[in-house]
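Numbered per mature numbering (1 follows the signal peptide of the UniProt record, and there is no 0), the sequence shown spans residues -21 to -1, 1 to 137.
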Amino acid sequence: MKIKAFSLLLLLILSACGSKREVASKNNKNKTTTEKIISYARSFEGTPYKFGGTTKRGMDCSGLIYTSFLSQDISLPRVSSEMAKKGKTLRQREIRPGDLVFFRTNKRRRRINHVGLVVNHDKSGIYFIHSSTSRGVIVSKLEENYWKKAYVLAKRIL
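Quick look at the structure:
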């Protein structure tokens, strides 16, 4: 009797674990590539800034974008100014989640030095995730005065 009860309990536990994995797997399969890239990038929110970083220990802006796209086997250049040469150039009204936004934050140098990944675009604005030198990986709004002045262009990779 104890063996039957143990076998039944074991069977219930194993079948429950199997069904949970299947549900998680199905949910992941239903996500688009864009959603997976955004989700991966958002998993780094709160990570501190580190020049050249690509891990939870520290991340820079292009490292965040580079690793997020690489998580879906999409290879991009490692540097934001080189990333800006890829994809299709967009008007601001064409921007949608998954697109990249590029900035020139150093007034003395006339080249792109910052990149973010658009995570949302609705009536309230365009939101992008990036790694800020002062606050680490955060979501900002393109319409904020600082970003509006530094904005250069947007590109669609996917």
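Positions of the beta carbon are idealized from the N, C-alpha and C atoms, including for glycine.
Assigned exposure category for residue i - 16 Cβ within 10 Å defines buried
{"i": "Phe107", "result": "buried"}
{"i": "Asp39", "result": "buried"}
{"i": "Phe30", "result": "exposed"}
{"i": "Ile17", "result": "buried"}
{"i": "Thr26", "result": "buried"}
{"i": "Ile53", "result": "exposed"}
Residue from the options whose Cα sits closest to the Cα of residue i
{"i": "Ser119", "options": "Glu24, Phe30, Asn92 and Arg36", "result": "Glu24"}
{"i": "Ser111", "options": "Ile44, His100 and Gly66", "result": "Ile44"}
{"i": "Ser50", "options": "Arg135, Pro76, Lys64 and Ser22", "result": "Ser22"}
{"i": "Glu123", "options": "Gly104, Arg36 and His93", "result": "Gly104"}
{"i": "Trp126", "options": "Val94, Gly37 and Leu137", "result": "Val94"}
{"i": "Met62", "options": "Leu79, Thr11 and Asp101", "result": "Leu79"}
{"i": "Leu137", "options": "His100, Asp101, Lys65 and Val116", "result": "Lys65"}
{"i": "His100", "options": "Asn85, Arg89, Arg90 and Glu73", "result": "Glu73"}
Distance between beta carbons of residue j and residue i, contact taken as under 8 Å
{"i": "Phe82", "j": "Tyr28", "result": "In fact, because the Cβ distance is near 15 Å, the residues do not count as touching under 8 Å."}
{"i": "Ala133", "j": "Gln71", "result": "7 Å"}
{"i": "Arg57", "j": "Ser41", "result": "6 Å"}
{"i": "Val97", "j": "Arg75", "result": "7 Å"}
{"i": "Lys67", "j": "Arg135", "result": "5 Å"}
{"i": "Gly77", "j": "Thr33", "result": "With 8 Å as the limit, Gly77 and Thr33 do not qualify as a contact, their Cβ atoms being about 20 Å apart."}
Bridge-paired residues (DSSP) for residue i
{"i": "Gly31", "result": "Answer is none; Gly31 lacks a bridge partner."}
{"i": "Val118", "result": "Ile108"}
{"i": "Asp101", "result": "Gly104"}
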